[in-house]
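Written out below as structure tokens is the structure these notes cover.
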Amino acid sequence: MTNPSLLILAGDGIGPEVMAEVRKIIDWYGTKRNVTFDVSEGLVGGCAYDAHGTPLTDETMARAQEVDAVLLGAVGGPKYDNLDFSVKPERGLLRLRKEMDLYANLRPAQCFDALADFSSLKKDVVAGLDIMIVRELTSGIYFGEPRGIFEEGNERVGINTQRYTESEIERVARSAFELARRRNNRVCSMEKANVMESGLLWREVVQKVHDEEYPDVELSHMYADAGAMQLCRWPKQFDVIVTDNLFGDLLSDAAAMLTGSLGMLPSASLGAPMANGRPKALYEPVHGSAPDIAGQGKANPIACILSFAMALRYSFDMGSEADRLEKAVEQVLADGLRTADLLGEDGVQPVSTSDMGDAVVAALDASL
Ligand code: NAD
33 MTNPSLLILA GDGIGPEVMA EVRKIIDWYG TKRNVTFDVS EGLVGGCAYD
83 AHGTPLTDET MARAQEVDAV LLGAVGGPKY DNLDFSVKPE RGLLRLRKEM
133 DLYANLRPAQ CFDALADFSS LKKDVVAGLD IMIVRELTSG IYFGEPRGIF
183 EEGNERVGIN TQRYTESEIE RVARSAFELA RRRNNRVCSM EKANVMESGL
233 LWREVVQKVH DEEYPDVELS HMYADAGAMQ LCRWPKQFDV IVTDNLFGDL
283 LSDAAAMLTG SLGMLPSASL GAPMANGRPK ALYEPVHGSA PDIAGQGKAN
333 PIACILSFAM ALRYSFDMGS EADRLEKAVE QVLADGLRTA DLLGEDGVQP
383 VSTSDMGDAV VAALDASL
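Positions 33 to 400 (my numbering) are the ones given, in order, by the sequence shown.
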């Protein structure tokens, strides 16, 4: 059997710093669990522009298409702010998402008990929270035509078009139902079927995919505005939420903040199944390159470590190892370790990026 393959694109700013901690964990799996990943590395974002004049070379793009999973750190930084739009660091990431056709964006909102005080909501509302938002990522109003700013009579009109085909809705619905089967078997689909035809079609198609292929999963529908209220009122009522690109953008950011710090949030973007049955996949922390703290050993590596845990679960069929890694993170937090972004309690001294990674490795050791 061939080793699972992983392309690491650490990127810019704190990207390489947080990725160095993931490398420790990958090494741990090799030495302690006898799981050897076939790891290759490449450049993306500003560092790729510096080296090659483009934020993503064709060679790196081709490698991303071949591997079982891509793990990305972060891209961007003030040095690149004045570059032409076509070569900005973010274009490298967008090219990966587009050419890999990563249509399902998974954003977990998970609240570790030790950090429940960080939420702006009451502790009992968020403690133990574990929900997953599946956002459609490659269609909808951010891509629909016509779009633009046009002259109409003696004024201008700004136009964007919400457009979804049945097949686009079907495939993201399947991703959500598949995920629910690995979790608590419940999906809530959110749209605005009361005022938008695209929402009406969304609701019909999700229901049809459910009835024909996933009748064992519990399905409910909710208007997206009501969903936003319910996420703030009692988020634990949800398991998997599936929604379109625009509503998913808003709802996933709101849900993420239920849990506290940006340095804690992982994500996955999945595409169609490859020949081996696993989806094309890109894993990355939600945060950016944090130029304000880059190079200072202050970055929280947990978002990137939890992104790797998602890769274990969704790309490598190693769900129990993903559980082990998430429990190790939980243990380290319960022990009181905090990077600077997680401070708040009196008298707690922050640990460095590297110390946090070492502590997670030690907790992994202790789990054996
Ligand atoms: P950011 O996420 O980089 O930082 C926002 C704030 O959160 C900063 O104060 C930062 O120090 C803090 N922060 C972020 N991640 C942290 C971590 N792991 N540990 C501790 N603190 C952390 O967002 P920004 O400042 O708006 O953007 C900075 C650059 O990153 C820009 O060039 C932007 O385009 C880029 N960006 C990239 C991505 C990506 O690569 N996916 C996402 C967002 C922004």
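Just so it is clear, CB atoms sit at the ideal spot from N, CA and C, and this is done for glycine as well.
Simplified DSSP assignment, three categories, for residue i
i      : result
MET132 : coil
TYR302 : In the sequence as displayed, the identity of residue 302 is Leu instead of Tyr. Three-state result, LEU302: strand.
TYR407 : With the chain covering only 33 through 400, there is no way to say anything about residue 407.
CYS336 : helix
LYS330 : coil
GLY74  : strand
PRO48  : helix
ARG370 : coil
LEU138 : strand
ALA307 : coil
GLY295 : helix
VAL380 : coil
LEU375 : coil
ASP59  : helix
MET33  : coil
ALA442 : Residue 442 falls outside the range modelled here, since the chain spans only 33 to 400, and no answer is possible.
Residue-chain proximity (residue i, chain C), Cβ-Cβ < 8 Å
i      : result
MET222 : No chain C is part of this structure, which consists of one protein chain only.
The beta strand (DSSP E) enclosing residue i, as first and last residue numbers
i      : result
ILE40  : 37-43
ALA146 : Segment: none, ALA146 is in no beta strand (DSSP E) and carries neither H nor E.
LYS312 : 311-317
Endpoints, alpha helix (DSSP H) assigned at residue i
i      : result
GLY351 : 351-366
VAL26  : There is no way to answer for residue 26, as the model of the chain reaches only from 33 to 400.
GLY277 : Note on residue identity: the sequence assigns Asn, not Gly, to residue 277. Element bounds for ASN277: 277-289.
ARG167 : Premise fails: ARG167 lies in the beta strand (DSSP E), 162-168, not in any alpha helix (DSSP H).
ASP390 : 385-398
VAL157 : 155-158
Expected contact under 8 Å - CB spacing of residue i and residue j to nearest Å
i      : j      : result
HIS253 : SER284 : About 18 Å; that fails the 8 Å criterion.
LEU169 : LEU134 : 6 Å
ALA141 : LEU290 : 6 Å
LEU138 : ALA300 : 4 Å
VAL274 : ILE57  : The pair is not a contact, with the Cβ atoms about 30 Å apart (cut-off 8 Å).
LEU161 : PRO267 : 6 Å
GLY295 : ASP373 : 5 Å
SER321 : GLY108 : 5 Å
LEU38  : VAL99  : 6 Å
SER347 : GLU53  : Between GLU53 and SER347 the Cβ distance is about 19 Å, and since that is not below 8 Å, they are no contact.
ALA287 : LEU263 : 6 Å
MET132 : ALA101 : Not quite, the Cβ-Cβ distance comes to about 11 Å (not below 8 Å), so this is no contact.
ARG235 : ASP271 : 19 Å between Cβ atoms; not a contact.
ARG167 : ASP281 : 7 Å
State whether the segment 388-400 contacts the segment 354-370, with contact taken as three or more CB pairs (one from each stretch) at a distance under 8 Å.
-> yes
Unbroken alpha helix (DSSP H) runs of length 4 or more, entirely within the segment 83-132: which are they?
-> 90-98, 121-131
The segment 242-261 contacting the segment 306-323, beta-carbon criterion three pairs below 8 Å = no
Any chance the segment 35-49 sits against the segment 327-346, with 3 or more Cβ pairs inside 8 Å?
-> yes
Unbroken beta strand (DSSP E) runs of length 3 or more, entirely within the segment 160-219: which are they?
-> 162-168, 176-184, 187-193
Within the segment 209-274, ranges of the alpha helix (DSSP H) (whole runs, at least 4 residues) = 229-245, 256-265
Quick one: any contact between the segment 174-186 and the segment 233-246, if contact means 3 or more CB pairs under 8 Å?
-> no
Would you be able to state if there are at least three C-beta pairs under 8 Å between the segment 209-217 and the segment 226-235?
-> no
Counting Cβ pairs, one atom from each stretch, are 3 or more of them under 8 Å apart for the segment 62-70 and the segment 81-93?
-> no
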